[in-house]
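Here the structure comes first, spelled out in structure tokens, and everything after it is commentary.
There are 2 protein chains.
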Amino acid sequence: MASQQRANAAAKLALRAEPITRHKLRLWLRLLKTSRAVEAELRERLRLAFGTTLPKFDVMAALERQPAGLTMTELSRFLMVSNGNVTGIVDRLVAEGLVVRRAHEQDRRSTFVCLTSKGARQFAAMAKAHEAWVGEILAHITVEEAQDLTALLSRSLRQDQRPAAVDN
Amino acid sequence: MASQQRANAAAKLALRAEPITRHKLRLWLRLLKTSRAVEAELRERLRLAFGTTLPKFDVMAALERQPAGLTMTELSRFLMVSNGNVTGIVDRLVAEGLVVRRAHEQDRRSTFVCLTSKGARQFAAMAKAHEAWVGEILAHITVEEAQDLTALLSRSLRQDQRPAAVDN
DNA sequence: CTATGAAGTTTCATACTTGAAATATCCTAC
DNA sequence: GTAGGATATTTCAAGTATGAAACTTCATAG
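Chains as they are written, first to last, in the numbering used here: chain A, 996 to 1163; chain B, 996 to 1163.
Right, here's the structure in full:
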């Protein structure tokens, strides 16, 4: 197909004509749009189904695997939000009886934050729904594509833009 | 390599054992982490280099291609933020003389928002730097990978989680 | 015309977020 | 032991964000 080849060549030329950064800019805009859309959807569902918010859910999710708790700084680094921010979210969670602050034995500057049993119970229900929602929201993607995407995204930043995190 | 094959088979088995939603959840967490890292980096650079913020930059970017301006609702839908939010950001941009509100001739409920020439001038400088920064931040990714990622991300949501946007 | 509902914007209360400053504690080198 | 810097947290001001309510204007059915 000569016309097909011509079209192809033309497309390639058009792509070449674009500076490299243009592709990355496009990627960034798409990335931003996608994550905002998913985030908005999850936020609304959390609000309607559980009367809670995404930041609170995120903090509880980070705490869930740490029976011993996490310090404020560990939370802040893991969630990639400022330290002052974590203070407010944890304050509200404490007021709701979902987490507690516990003294750090060796270092009196630090405080551990842990889920209460009420918090753990509530989080279990939310996490189950949350995973199902993500499945719904990303329904139009196959497992293979999801794996490819995850791998590409992991590679995209690397070596490290941000100060070391607790991470997993 | 028999051991290699065994390892491979074991890995595949492990993957199969995971529910589909688990992969999507992992993807979502990676997506969120990546976009937060990029966003944090861009926010800081905008602040240091231009003394401005990401939301203001986003509004100006949306306005840049529309000499006739955009209405508040169009802005809100395009940026995927609430209408009340746009009011505040535009108020601050107006106070800085970077945008103006203009009456809508046919519909007195609406107002158009447009860049001033000062705003356009300032945005041009910021946009140039911004594109270069995105290039730096996403340095570890090839153009091909960027294109793949963009395509996969575009496909991932589709058919539409969110109310119609102005979009491009 | 005119009720009635829809659409565009702002206002409001509340929550989230940041970066910087203030406090308190820790650690290390004298 | 103590001065100095480093680390952990909170506080603060300002900006960003939401969802709901209030207000205005528009469009349309009767």
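Ideal Cβ placement from N, Cα and C applies to all residues, glycine included.
Contact set between residue i and chain B, taken where Cβ atoms lie within less than 7 Å
i         : result
A:Leu1043 : The contacting residues do not exist; A:Leu1043 stays about 15 Å from chain B at best.
A:Met1055 : Within 7 Å Cβ-Cβ: nothing; A:Met1055 doesn't reach chain B, min ~14 Å.
A:Ala1142 : Per the sequence shown, residue 1142 of chain A should be read as Gln rather than Ala. Going along chain B in sequence order, the residues near A:Gln1142 (Cβ under 7 Å) are His1018.
A:Leu1058 : Chain B residues near A:Leu1058: none, gap ~16 Å exceeds 7 Å.
A:Ser1105 : Those within 7 Å of A:Ser1105 in chain B number zero; the least Cβ separation is about 24 Å.
For residue j and residue i, the rounded distance between their alpha carbons
i         : j         : result
B:Ala1044 : B:Ala1056 : 17 Å
B:Gly1064 : B:Leu1110 : 7 Å
A:Asp1086 : B:Ala1134 : 39 Å
B:Arg1103 : B:Met1067 : 13 Å
A:Lys1123 : A:Asp1143 : 24 Å
A:Ala1136 : A:Glu1039 : According to the sequence displayed, residue 1136 of chain A carries Ile and not Ala. Spanning the two alpha carbons is a distance of roughly 22 Å.
A:Asp1162 : A:Thr1029 : In this predicted model, A:Asp1162 has a pLDDT of only 36, less than 50, meaning its place in the structure is not dependable enough to derive any value.
A:Thr1145 : A:Val1138 : 10 Å
B:Ala1127 : A:Ala1120 : 44 Å
B:Arg1023 : B:Ser1105 : According to the sequence provided, residue 1023 of chain B is Trp. The question's Arg does not apply to it. The alpha-carbon atoms of B:Trp1023 and B:Ser1105 are separated by roughly 37 Å.
B:Phe1107 : B:Val1095 : 8 Å
B:Pro1062 : A:His1125 : 42 Å
A:Gly1046 : A:Asn1003 : 52 Å
B:Gln1101 : B:Met1075 : 25 Å
B:Ser1071 : B:Phe1052 : 14 Å
A:Thr1048 : B:Ala1090 : 32 Å
A:Leu1147 : B:Asn1080 : 33 Å
B:Phe1073 : A:Leu1027 : 12 Å
Status (buried if at least 16 other CB within 10 Å, exposed otherwise) for residue i
i         : result
A:His1099 : exposed
A:Gly1092 : exposed
B:Gly1114 : buried
B:Arg1097 : exposed
A:Ser1112 : exposed
B:Thr1082 : exposed
B:Ser1077 : exposed
A:Glu1013 : exposed
B:Glu1140 : buried
A:Arg1042 : exposed
B:Arg1116 : exposed
A:Pro1158 : In this prediction, A:Pro1158 scores a pLDDT of 40, lower than 50, which makes its location untrustworthy; the coordinate-derived value is nonetheless stated afterwards. Classification of A:Pro1158: exposed, given that the 10 Å Cβ count is below 16.
Within chain A, the residues that residue i reaches when beta carbons sit closer than 7 Å
i         : result
B:Leu1020 : Glu1126 and Val1129
Whole-angstrom C-beta distance between residue j and residue i, which should lie under 8 Å
i         : j         : result
A:Glu1069 : A:Phe1118 : About 18 Å; that fails the 8 Å criterion.
B:Val1054 : A:Leu1020 : Actually they do not touch by this definition, with Cβ atoms about 18 Å apart.
B:Ser1149 : A:Arg1017 : Going by Cβ atoms, the distance from B:Ser1149 to A:Arg1017 rounds to 16 Å, so no, they are not a contact pair.
B:Glu1152 : A:Ala1032 : Just to set this straight, residue 1152 of chain B is Leu in the shown sequence, not Glu. At roughly 6 Å, the Cβ-Cβ gap stays under 8 Å, so B:Leu1152 and A:Ala1032 are in contact.
A:Glu1034 : A:Ile1132 : About 10 Å separates the two Cβ atoms, so there is no contact after all.
A:Pro1050 : A:Ile1015 : Contact flag wrong, Cβ pair sits at about 36 Å.
Interface partners of residue i on chain B, CB under 8 Å
i         : result
A:Thr1111 : Neighbours of A:Thr1111 on chain B: none; closest Cβ ~24 Å, over 8 Å.
A:Ser1196 : Only positions 996 to 1163 of chain A appear in this structure, which leaves residue 1196 of chain A out of reach.
A:Thr1145 : His1018, Arg1021, Leu1022 and Arg1025
A:Ile1015 : Gly1130 and Val1138
A:Met1075 : Lys1028, Arg1031, Ala1032 and Ala1035
Chain A residues whose Cβ lies nearer than 8 Å to that of residue i
i         : result
B:His1099 : The premise fails here: B:His1099 is roughly 27 Å from chain A at the closest Cβ pair, so nothing lies under 8 Å.
Per-residue contacts from residue i into chain A (C-beta, under 9 Å)
i         : result
B:Leu1065 : Chain A residues near B:Leu1065: none, gap ~17 Å exceeds 9 Å.
B:Arg1040 : The contacting residues do not exist; B:Arg1040 stays about 11 Å from chain A at best.
B:Arg1150 : His1135, Ile1136 and Glu1140
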